[in-house]
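Structure, as structure tokens:
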Amino acid sequence: MSDADTLLRLAALNTEYASCIDADRLEEWPGLFLERCLYKITTADNQRRGYAAGIVYADSRAMLIDRVASLREANIYERQTYRHIIGMPGLRSGEADEIVAETPFLVVRTMRDGRMDLFATGVYLDRVRTDADGKLRFAQRLVVCDSSRFDTLLAIPL
Amino acid sequence: MSDADTLLRLAALNTEYASCIDADRLEEWPGLFLERCLYKITTADNQRRGYAAGIVYADSRAMLIDRVASLREANIYERQTYRHIIGMPGLRSGEADEIVAETPFLVVRTMRDGRMDLFATGVYLDRVRTDADGKLRFAQRLVVCDSSRFDTLLAIPL
Amino acid sequence: MSDADTLLRLAALNTEYASCIDADRLEEWPGLFLERCLYKITTADNQRRGYAAGIVYADSRAMLIDRVASLREANIYERQTYRHIIGMPGLRSGEADEIVAETPFLVVRTMRDGRMDLFATGVYLDRVRTDADGKLRFAQRLVVCDSSRFDTLLAIPL
Chain A
14 MSDADTLLRL
24 AALNTEYASC
34 IDADRLEEWP
44 GLFLERCLYK
54 ITTADNQRRG
64 YAAGIVYADS
74 RAMLIDRVAS
84 LREANIYERQ
94 TYRHIIGMPG
104 LRSGEADEIV
114 AETPFLVVRT
124 MRDGRMDLFA
134 TGVYLDRVRT
144 DADGKLRFAQ
154 RLVVCDSSRF
164 DTLLAIPL
Chain B
14 MSDADTLLRL
24 AALNTEYASC
34 IDADRLEEWP
44 GLFLERCLYK
54 ITTADNQRRG
64 YAAGIVYADS
74 RAMLIDRVAS
84 LREANIYERQ
94 TYRHIIGMPG
104 LRSGEADEIV
114 AETPFLVVRT
124 MRDGRMDLFA
134 TGVYLDRVRT
144 DADGKLRFAQ
154 RLVVCDSSRF
164 DTLLAIPL
Chain C
14 MSDADTLLRL
24 AALNTEYASC
34 IDADRLEEWP
44 GLFLERCLYK
54 ITTADNQRRG
64 YAAGIVYADS
74 RAMLIDRVAS
84 LREANIYERQ
94 TYRHIIGMPG
104 LRSGEADEIV
114 AETPFLVVRT
124 MRDGRMDLFA
134 TGVYLDRVRT
144 DADGKLRFAQ
154 RLVVCDSSRF
164 DTLLAIPL
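Chains as they are written, first to last, in this note's numbering: chain A, 14 to 171; chain B, 14 to 171; chain C, 14 to 171.
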């Protein structure tokens, strides 16, 4: 796979990732991860200091599915919407069977009354592999947020 | 045309689209649509409820040309500038002769005095076809805004 | 080099450019420019009026290296972080040995206390060439900001 192909396949994965969250198709979001995976939301500060703990942490697709179920129960998701704008991935060297990439993102939140605000910016640190069915899936998505000030609503996937 | 080519040609069309609006080359904007086309600005709420009416509606290139002329007469466009940041398109399945895509966007507005604000976020629902001259043009661009609160200035293309 | 390759190589250069600034690897930023180059930050207003002077101006890689050294001494960079979101480049016609492109950008600033704001939006007017080592580098990057209201912090590269 050429670098150009890799870039475009990654970009397509990111577009699908954003669409699952922003169009409220949350149930499809865990399917973009491998069964054994790492999904973590953390801050640039914590990342720099080497803190392993994340604000959100999941190490399997099953945990991501649970998380979506909790969000649906809490009904928290209905109160606002999100819009991800994801930059082009920057490829990093990795092992032969995986793609390592860093990708900047920005999320705008729109409240029910129409107000919009900058909700989060940061970088995705990704490890992506081709799964048994030939699709690219996340082995790791580390969401490193620029801001350390978090809303209680950060239970929402970023 | 491979998916990679399609993605890049769509991205180029979107870049040109944004440039026409943001660099105040509005007169070139209708030329990115087919003669018979659909351009509509609506909200996610209205879209969900199946309301057909849009805040802005045009079903031909001629109507888009009229709209630009009105904007020039009203001189409304001089008072602020816009900056579109458009994500990578997500391809959807469509008929053989057209490309169907969903593409996230964000628009920042800059006022004459230098203040900037988040003006709009949302998703473009597009149907794109190759015209007689070989260029890609919009058969449909549905601009679905996340926020339902609109400024009177929304006469401006998004 | 096909247009598709050109677009993707430019996008990769932009991703690397943003990463140098946003991940605080400022020392690597001058290496993305040719030894003889033009880097200028200006405003859309000044650009329209044909004012040559920029808010920041450098015409060699050495000047960019000096600028980074000054920023480190002033320690100004530690107080906030930036996040660039860069759109896909729009190719323009240029001389045979260079790529001419216009690329929209948005920068969000995050303060130490976690507050985020829209710091700048605008367009990069670029001339890019293949250097002796085969890498693409900027012969020119003109940063044209939409807003004319500047923070004193604009000593930071955009």
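Using N, Cα and C, we set each Cβ at its ideal position, and we do this for glycine too.
Between A:Arg142 and B:Asp159, the C-beta gap is not smaller than 8 Å, which leaves the two residues out of contact. Nearest to A:Glu41 by C-alpha distance, out of A:Ala57, A:Leu77 and A:Thr55, is A:Leu77.
Looking at B:Met129, B:Arg140 and B:Val81, the one whose alpha-carbon comes closest to that of B:Ala109 is B:Arg140. Think of a sphere of 8 Å around the beta carbon of C:Ser161: the chain B residues whose beta carbon falls inside it are Gly127, in chain order. In the three-state reduction of the DSSP assignment, B:Asp126 falls in the coil class. For the 8 Å CB-CB criterion, B:Gly103 and A:Glu29 form a contact. By the criterion of a C-beta distance shorter than 7 Å, C:Arg80 is surrounded in its chain by Ala71, once the five residues flanking it on both sides are discounted.
Contact between the stretch 147 to 154 of chain C and the stretch 117 to 128 of chain C is not established, with fewer than three Cβ pairs separated by less than 8 Å. Contact between B:Gly135 and B:Val113 is absent: CB atoms are separated by about 17 Å, not below the 8 Å threshold.
Collapsing the DSSP output to three states places C:Ser73 in a strand. Distance from the Cα of B:Ser73 is smallest, within the candidate group B:Ala17, B:Met124, B:Phe46 and B:Glu86, for B:Phe46. Counting only residues of its own chain and dropping the five nearest sequence neighbours on each side, A:Arg38 has a CB closer than 8 Å to the CB of Ser32. Of all residues in the stretch 77 to 101 of chain B, only Ile98, Gly100 and Met101 come within less than 8 Å of chain A when Cβ atoms are compared, listed by chain position. C:Thr94 is positioned such that its CB atom lies no closer than 8 Å to that of C:Asp146. A distance below 6 Å between beta-carbons, with the five flanking residues on each side excluded, links C:Gly107 to the following residues of its chain, in chain order: Val113.
Residues are counted here when their Cβ sits less than 8 Å from a Cβ of chain B; for the stretch 14 to 39 of chain C these are Asp16, Ala17, Leu20 and Leu21, given in chain order. For B:Arg150, the enclosing beta strand (DSSP E) begins and ends at Leu149 to Cys158.
Between C:Arg85 and B:Gly63, the alpha-carbon positions lie close to 56 Å from each other. Counting along the chain, C:Glu48 sits inside no alpha helix (DSSP H); it lies in the beta strand (DSSP E) bounded by residues Phe46 to Thr56. At a beta-carbon threshold of 9 Å, none of the residues of chain A lie near B:Thr55; the nearest stands roughly 14 Å away. Taking C-alpha positions only, C:Ile68 is separated from C:Arg125 by approximately 25 Å. With 16 or more other Cβ atoms from the protein chains shown falling within 10 Å of its own Cβ, B:Asn27 counts as buried.
In summary, the residues of the stretch 105 to 122 of chain A whose CB is separated from some CB of chain B by less than 7 Å are Val121, in the order they occur in the chain. Within the DSSP secondary-structure output, B:Arg140 pairs in a beta bridge with B:Val113 and B:Gln153.
Per DSSP, reduced to three states, the secondary structure at A:Leu171 is coil, with no helix or strand assignment. With 16 or more other Cβ atoms from the protein chains shown falling within 10 Å of its own Cβ, A:Lys53 counts as buried. With a threshold of 16 other beta carbon atoms within 10 Å, A:Gly44 falls short and is exposed.
Interface with chain A (8 Å Cβ-Cβ cutoff): B:Thr143 is excluded.
Residue environment for B:Arg162: exposed (fewer than 16 other C-beta atoms within 10 angstroms of its C-beta). Per DSSP, reduced to three states, the secondary structure at B:Ile98 is strand.
A:Leu21 is positioned such that its CB atom lies closer than 8 Å to that of B:Ala17. DSSP places C:Leu26 in the uninterrupted alpha helix (DSSP H) bounded by Asp16 to Asp35. Inclusion of C:Gly100 and B:Ile169 in the CB contact set at 8 Å is not warranted, their separation being larger than that value.
Against chain C, the CB of A:Gly103 has a partner CB under 8 Å away; the residue lies at that interface. The beta carbon of C:Thr19 lies closer than 7 Å to those of Leu104 and Ile112 in the same chain, with the five residues before and after it left out.
B:Gly135 has B:Phe118 and B:Cys158 as its beta-bridge partners, per DSSP.
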